[in-house]
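Protein chains in written order, with the working numbering: chain A, 54 to 164; chain B, 39 to 152.
The C-beta atom is built at its ideal place from N, Cα and C for all residues, glycine as well.
What follows is one structure encoded as structure tokens, with my remarks underneath.
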């Protein structure tokens, strides 16, 4: 079974702060995704990647950057965090056109 | 514009009853519909899925009914158990998509009372 881990699991920062969320998958899946989950909005795709060095824009990319450094590692960057980015963030990975495997999530609070 | 809609937002049933969760979509190019189950404190996990060439998919107590003409599908959970209490997401992917990118609904919170 695919293993997707995320760190940190919880993060509190202040408005204007710099935050990096990390995701690692150990099954060599090509595709990785970053979502945010908010009550009343479900899961919304922020960015995704086909492989190391590749980045694709998702549906709600504003205020977020991402970088895929290796096949295993995908990072989400918030360079000037705002309270509207307080959310539960999920990373997922998948083989091409197949089931997505989700990590346990990171709860981010921006004060 | 919400492309995948779910109803109801929340649903409460008694143990042993059948829970029915509904999903509808706008984009006629969608041809793959997975349902994900999420327990509190965890990430979503694939529960069951269906392709648009089928009108029904069963896996134990979980059944998807699909109506392509009406662009509607539903997840039926028979003999509901308290352990089924979770949030259920309907998702969709268009044909020809190489990305695996899914569009998710807002979810239905299911509570099963013993």
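Against residue i, what residues of chain A qualify as contacts under a CB-to-CB distance less than 7 Å, listed in chain order?
i: residue 139/B; result: 98 and 101
i: residue 46/B; result: Here the premise fails: no neighbours, minimum Cβ distance about 13 Å.
i: residue 142/B; result: 95 and 96
i: residue 127/B; result: 95 and 96
Report back the beta-carbon spacing between residue i and residue j to the nearest angstrom; my notes put them in contact at under 8 Å.
i: residue 134/A; j: residue 68/A; result: 6 Å
i: residue 127/B; j: residue 76/B; result: 7 Å
i: residue 141/A; j: residue 156/A; result: Not really, about 11 Å apart at Cβ, beyond 8 Å.
Assuming residue i is part of the beta strand (DSSP E), what are its boundary residues?
i: residue 146/B; result: 146-151
i: residue 72/B; result: 68-76
i: residue 77/A; result: 72-78
i: residue 108/B; result: From DSSP, residue 108/B is part of no beta strand (DSSP E); its letter is neither H nor E.
i: residue 119/A; result: 118-121
i: residue 100/A; result: 95-102
Where does residue i sit, in a helix, a strand or coil, going by DSSP?
i: residue 62/B; result: strand
i: residue 82/B; result: coil
i: residue 136/A; result: helix
i: residue 122/B; result: helix
i: residue 139/B; result: coil
i: residue 57/B; result: strand
i: residue 24/B; result: In this structure chain B extends from 39 to 152, so residue 24/B is not present and cannot be described.
i: residue 149/A; result: coil
What in chain B is Cβ-close to residue i, meaning under 8 Å?
i: residue 143/A; result: 81 and 82
Quick one: is residue i buried, meaning 16 or more other Cβ sit within 10 Å of its Cβ, or exposed?
i: residue 72/B; result: buried
i: residue 72/A; result: buried
i: residue 93/B; result: exposed
i: residue 138/A; result: buried
Just to make sure I have the definition right: I need the residues of chain A whose C-beta is within less than 8 Å of the C-beta of residue i. Which are they?
i: residue 98/B; result: Chain A residues near residue 98/B: none, gap ~18 Å exceeds 8 Å.
What residues of chain B sit near residue i, judged by a beta carbon separation below 9 Å?
i: residue 106/A; result: Under the 9 Å cutoff, chain B gives no residues; its nearest Cβ is about 16 Å from residue 106/A.
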